[in-house]
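Residue numbers (this note's numbering): 1 to 136.
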């Protein structure tokens, strides 16, 4: 897991070098615990590969953005829903698919557990997201 500075774009090639990697303190080693983060997922129709643009939006306290993604953008326009995501990259030019095999199981497990405890009869009476946000 390598996090590069926002002002250091990918230099080309298959792998990213770690000579510019940010030092993030001691890593406790492999973690076997599932971590769930709650926050705003920003969605759009294009991939963000500029870390400085990512940081601009992520550091805006009014937006409170935790994660960026592009797959739910088209869905959300026609089908309001809850998006549960496994986080797999840093939304920069160093993106690769190495972490995808690790992020899908926790997201699926969380979705399963959520569906296990939800009561469909109580959910039907909740206001829609558009009404709750005042977008009607």
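Using N, Cα and C, we set each Cβ at its ideal position, and we do this for glycine too.
Quantities reported herein were computed from a predicted structural model and do not represent experimental measurements.
DSSP-derived helix/strand/coil call for residue i
| i | result |
| --- | --- |
| residue 73 | helix |
| residue 42 | strand |
| residue 117 | helix |
| residue 63 | coil |
Outcome for residue i when other beta-carbon atoms lying within 10 angstroms are tallied against a minimum of 16
| i | result |
| --- | --- |
| residue 68 | buried |
| residue 123 | exposed |
| residue 132 | exposed |
| residue 48 | buried |
| residue 134 | exposed |
| residue 60 | exposed |
| residue 108 | exposed |
Nearest residue (CA-CA) to residue i, options the options
| i | options | result |
| --- | --- | --- |
| residue 63 | 71, 70, 54 | 54 |
| residue 77 | 108, 45, 85 | 45 |
| residue 40 | 72, 134, 116, 52 | 72 |
| residue 36 | 47, 113, 58, 80 | 113 |
| residue 128 | 104, 56, 80, 110 | 80 |
| residue 74 | 108, 97, 43, 109 | 43 |
| residue 38 | 86, 52, 51 | 86 |
| residue 105 | 61, 51, 65, 84 | 84 |
| residue 101 | 110, 88, 52, 116 | 88 |
Residue interval of the alpha helix (DSSP H) (run including residue i)
| i | result |
| --- | --- |
| residue 120 | 120 to 123 |
| residue 54 | 51 to 58 |
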